[in-house]
Structure formats: structure tokens, C-alpha cells
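Asks: Just so it is clear: in the sequence shown, position 65 is 65 by the UniProt record's numbering, and no numbers are missing.
Yeah, the Cβ is synthetic: ideal placement off N, Cα and C, and Gly gets one too.
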Amino acid sequence: MKMDANIERQRRKDEHVYFAVAQHQTKTTSQFDELELINDAVPMLNLADVDLSGEVAGLEFEIPLYINAMTGGSPHTEKLNGQLAEVAAATGLMMAVGSMHAAIREPELASTYSIVREKHPNGVLFANISADLTPEQAQKAVDILQADALQIHVNVAQELVMKEGSREFDHWLDNIAAIKEQVDVPIIVKEVGFGLARKTIMRLRDINVDIIDLAGKGGTDFARIENARRRDGKWDYFNDWGQTTAQSLIAIQSPNYVNMPYFASGGVRHPLDAIKCLALGAEAVGIAGVILAYLKEHDVEETIEWVETWKEQMKMIAVMVNAKNLSKLRKVPVITYGRLKEWGELRGVKLEQLAQRLM
Ligand SMILES: Cc1cc2nc3c(=O)[nH]c(=O)nc-3n(C[C@H](O)[C@H](O)[C@H](O)COP(=O)(O)O)c2cc1C
Numbered sequence: 001m002k003m004d005a006n007i008e009r010q011r012r013k014d015e016h017v018y019f020a021v022a023q024h025q026t027k028t029t030s031q032f033d034e035l036e037l038i039n040d041a042v043p044m045l046n047l048a049d050v051d052l053s054g055e056v057a058g059l060e061f062e063i064p065l066y067i068n069a070m071t072g073g074s075p076h077t078e079k080l081n082g083q084l085a086e087v088a089a090a091t092g093l094m095m096a097v098g099s100m101h102a103a104i105r106e107p108e109l110a111s112t113y114s115i116v117r118e119k120h121p122n123g124v125l126f127a128n129i130s131a132d133l134t135p136e137q138a139q140k141a142v143d144i145l146q147a148d149a150l151q152i153h154v155n156v157a158q159e160l161v162m163k164e165g166s167r168e169f170d171h172w173l174d175n176i177a178a179i180k181e182q183v184d185v186p187i188i189v190k191e192v193g194f195g196l197a198r199k200t201i202m203r204l205r206d207i208n209v210d211i212i213d214l215a216g217k218g219g220t221d222f223a224r225i226e227n228a229r230r231r232d233g234k235w236d237y238f239n240d241w242g243q244t245t246a247q248s249l250i251a252i253q254s255p256n257y258v259n260m261p262y263f264a265s266g267g268v269r270h271p272l273d274a275i276k277c278l279a280l281g282a283e284a285v286g287i288a289g290v291i292l293a294y295l296k297e298h299d300v301e302e303t304i305e306w307v308e309t310w311k312e313q314m315k316m317i318a319v320m321v322n323a324k325n326l327s328k329l330r331k332v333p334v335i336t337y338g339r340l341k342e343w344g345e346l347r348g349v350k351l352e353q354l355a356q357r358l359m
């Protein structure tokens, strides 16, 4: 029985990677395109002056970019974790591992996660668990990775569409609060691609969560992935559930209800999307599906080059808007269009203020 559950969990991990990569190749449009930054034709800085380093909750980074939670828990995903960690180490990216339940239940699977610390010994690394675990189990996950922070994922839509998924959620908030009190690293609460709303964020802020990761819709779609894994009665109408990362970011601009640090991730396709997230106040930006898909088609060296290009282009865009660091980027005017504008207006966000920000 135990063996069956392990095999099932490992198969699920491998299927998530397979379907995420397949899905990535079909994505074309993005709501990030309904956000626009304004060109500055006479910037008062050189490319070499741009410094996008930052610090949040004691986590220091050279570049505000991290590889978001994906893998671990099976031999195939150990290899992937190792490769992603090599890329992160060579480029100075922060990195999260995928949900560590497998390692907590089966200690022999710990190496499928700790390989990331081996390959990225000085990196800023995030452990990852669900909101179901006890504080002791959460601390164990942190210890396995020698993690600098702990991501707790909240993924109601995925659980419900997943045939074998959880149906009980009313203990999550208390559990997260208990983990926050007892675990000795900063706590990041993240979605898995459906977005975090203001009300949810305020609940998390009230229990002293350190950082939230909006992890919105627009990239990897776990409702679609779980539907693809179901052998019967597909619930296709759940696909596309949730709010995009652009919507989640816009909703918390003004009035500033949330007043806590946030990361942005979900559907970030290229350096311009990343800079838009930073202009909307994200401390750092996460990428998952896009780097996984790239690594599937290229080797580690090529993927390192690809990330270096991202870093360089993020700095180039910062020059184009005359922002030499993260605090200047947060003052860049941001224009919203179309459905995103409609959304912002309905949610009471002062979009004109955002569009008319003064540098
Ligand atoms: C193959 C795969 C596995 C994932 N597994 C996890 C996980 O175990 N825990 C978690 O918090 N998020 C997980 N995610 C979600 C990502 O961290 C991220 O929130 C989501 O993919 C949206 O970002 P993207 O559009 O850049 O892919 C996974 C994503 C992918 C692609």
C-alpha cells in the first residue's frame, strides 16, 4: 500500500513535468501585454550603472529573479533539480524546490531535493511544502535543503481538480500560523498559478507571513494539467480558473491594502514581463514553466547563457525607463489597457495614479 502510494506520487511528479512542458508550447497571449511602460529617450544613466540587487526579509540577492518550485521526489526530477541548480548557481538566481512531502515521508528521497544545495552551496534557496504539514515537518523540509526561506503552497483549485487531491482546507490558516511561529526561516506563502487576492493576502499578513508570492494565472495551468491527468470525467471548464499575475499585481496597487512584501510569478515569459512586475512593486520575480521548457530543449550551458541574456536585458529595459535600481523602477509610470483596465477600475484601483507616477 505504502509502495503503491510512493509510486503514484513519483508518477504524478513526472507527469506534472511532462504536461507542464507540453502546455508551455501552446501559450501565445498574455495579460502582461495589457501593461505598458513609457520610453525615456534621454536616460540619465549608463547600462553599467544599473544595479537590480535587493533585500527582503533578510534574503539578499544580486538579481531579483528566482526559479520557482517545481521538482524533486523521483529519480527523473532529481536530475532536473540538479540541472536547474547548476543554472541558478552559475547565474546567481535564487531557487525553490518542488513540494518536499516525498522526502518527509520517505527519507531516501531527500537527495532528490538536497542535490540543489549541493550544486548551489551559497544560493538563496526556498524549501516547499503544502499548508497541511506540521511545524516539525516544515522544519525538517527546511533542514533537508538548509533552506534560507520556506515556501508554503496554497493550491485549492489544483487539489479539487486532482482526483486524488485534498478536500479539506479549513485548517490551513491556523497551520500556516503555527509553522510561522515555530520555523526559523522567513515564510513565503505562494499560489501555484491561480493568483492571490487582496482578502487572502490580508489574512496572511495578519498571521505574520513574511512574503507572499502572487503566482498568478497566465503560464502553467494546474487545472489544465490535472484535467489532462484525469482518465475520466474531465472538468475542462475549470481550465483558466483564477486571476492572472497582472491582475493580482494591479489589485494591490491602490489603495494599498496589503502593506507587506510580495513576489510576482506565473506566466512570466521574458525580461520585459519581469520588469513590469518589478515596476508594480514586486521584490523579485519567479519563473517556472518557461525555464523548464527551455532546459528540456537545451543543455545546462545553453540555459546558463539564456539566463545571462535575461539578466542583461532586464538591465537594458531599466535603462530604457531611466531606472537605475529597484526603488526607481517602482516609480516608473505603468499604463493599463483593455480587460486589465476594466478589472482595475472595478476593483477600485487608481489606475490614473499609476499611469501618472513621477520619477
Ligand atoms: C512541473 C511543475 C511542478 C510544480 N510543482 C510545484 C510544487 O511542487 N510546489 C509549488 O508550490 N508549486 C509548484 N509548481 C508551480 C510553480 O511554482 C509556479 O507557481 C507555477 O508554475 C506558475 O509559474 P509559471 O507560469 O512560471 O510556470 C510547479 C510547476 C511546474 C511547471
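Any chance you could list the alpha helix (DSSP H) runs of at least 4 consecutive residues sitting entirely within the segment 288 to 349, in chain order?
Replies: Qualifying alpha helix (DSSP H) stretches, in chain order: 289 to 297, 300 to 320, 326 to 329 and 338 to 346.
Asks: Can you grab the Cα-Cα spacing for the pair A20 / V97, in whole Å?
Replies: Their Cα atoms are separated by approximately 16 Å.
Asks: Got a sec: does ligand 1 put a non-hydrogen atom nearer than 7 Å to the Cβ of H153?
Replies: Yes; taking the cut-off as 7 Å, the Cβ of H153 has a heavy atom of ligand 1 nearer than that.
Asks: Hey, is V17 close to ligand 1, as in C-beta under 7 Å from one of its heavy atoms?
Replies: Yes; taking the cut-off as 7 Å, the Cβ of V17 has a heavy atom of ligand 1 nearer than that.
Asks: Could you compute how far the alpha carbon of L214 sits from the alpha carbon of I317?
Replies: Approximately 23 Å between the Cα atoms of the pair.
Asks: Applying the 10 Å Cβ sphere with the 16-neighbour rule, what's the burial state of P107?
Replies: Flag for P107 reads exposed.
Asks: Measuring straight from C-alpha to C-alpha, what distance separates R269 and V290?
Replies: Each residue's alpha carbon lies about 6 Å from the other.
Asks: Are the CB atoms of L47 and V319 nearer to each other than 8 Å?
Replies: Yes.
Asks: Do L150 and V142 have their beta-carbon atoms positioned less than 8 Å apart in this structure?
Replies: Yes. Within cutoff.
Asks: Cβ atoms of G216 and E191: under 8 Å apart, would you say?
Replies: Contact: yes.
Asks: Unbroken beta strand (DSSP E) runs of length 3 or more, entirely within the segment 205 to 250: which are they?
Replies: Those beta strand (DSSP E) runs which fall completely within the segment 205 to 250 and span 3+ residues are 211 to 213.
Asks: Any heavy atom of ligand 1 closer than 7 Å to the Cβ of M70?
Replies: The answer is yes for M70.
Asks: In the DSSP assignment, find the unbroken alpha helix (DSSP H) run with V156 in it and report its ends.
Replies: It spans V156 to V161 - the alpha helix (DSSP H) in which V156 sits, taken as one unbroken run.
Asks: Please confirm whether V87 and V285 have their CB atoms less than 8 Å apart.
Replies: No, the pair does not count as a contact, with Cβ atoms beyond the cut-off.
Asks: What's the gap between the Cα of F32 and the Cα of Y113?
Replies: Computed Cα separation, rounded: 32 Å.
Asks: CB of G348 to nearest heavy atom of ligand 1: below 7 Å?
Replies: Flag unset: Cβ of G348 not near ligand 1.
Asks: Give the C-beta separation of I176 and A131 to the nearest angstrom, bearing in mind that I take them to be a contact with Cβ-Cβ under 8 Å.
Replies: Correct: roughly 5 Å between the Cβ atoms.
Asks: Are the beta-carbon atoms of I38 and P333 separated by less than 8 Å?
Replies: Contact flag set, yes.
Asks: Could you name the residues of the same chain whose beta carbon sits closer than 6 Å to that of M1, not counting the 5 residues immediately before and after it, in chain order?
Replies: Caution applies to M1, whose pLDDT of 43 falls short of 50 and renders its modelled position unreliable; the model cannot decide the point.
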